[in-house]
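Worksheet for the structure shown next.
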Amino acid sequence: MKVMGLDYGDRRIGVAVSDAFGWTAQGLEVIERRGDDSEFGKIADLIRDHEIGEVVVGLPKNMNGTVGPRGEICIEFADRLKELLGLPVHLWDERLTTRSAERALLEADVSRKKRKQVIDKLAASLILQNYLDAHSTR
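Each residue of the sequence shown is one higher than the last, beginning at 749 in my numbering.
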């Protein structure tokens, strides 16, 4: 059963999917948020196309472990996904994943323009990979 990872942001949603064994995460795409909830249809299409069995949504926590306003928005998004899709939706602590993604892209000498295009997808991959590693039965 494949797992989808989502990095939910103000303007974009990074999307990653696991391999069929649930061992590795690959960045898939970035969905632009338009304010009309069309992202839910796009996510549903990707879930169907990639035969996804569960979804992981990154939960941004404060460094002290508390959930702030941004985290509350992600919880609402995850609840709505669960309701619309009828699939298990898990929240996963995403502290520092976007910063890690940014650092990796900087070290790879990726241009600023290109970084902006892939940062959300890479952050989704990191969230999903951390989740897969924590739940690995290998």
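We put the beta carbon where it would ideally sit given N, CA and C, even for glycine.
Two segments are said to touch when three or more pairs of C-beta atoms, one from each, lie closer than 8 Å; by this definition the region 802–811 touches the region 836–843. When 817, 873, 801 are compared, the shortest CA-CA separation from residue 848 is found for 873.
Counting C-beta atoms within 10 angstroms of its own C-beta, residue 752 has 16 or more neighbours from the protein chains shown and is therefore classed as buried. As computed with DSSP, residue 850 is found in no beta bridge at all. Sequence-distant partners of residue 759 (beyond 5 residues in either direction) whose C-beta falls short of 8 Å from its own C-beta, in its chain, are 780, 781. Nearest Cα to residue 838 within the set 784, 878, 817: 878.
In the structure shown, residue 835 falls within a coil segment according to DSSP collapsed to helix, strand and coil. Apart from the 5 residues on each side of it in sequence, residue 798 sits with its Cβ closer than 8 Å to the Cβ of 750, 752, 765, 776 in its chain, given in chain order. In the three-state reduction of the DSSP assignment, residue 818 falls in the helix class, which pools H, G and I. Under the three-state reduction of DSSP output, residue 760 falls in the strand class.
One alpha carbon belongs to residue 805, the other to residue 755, and they sit about 6 Å apart.
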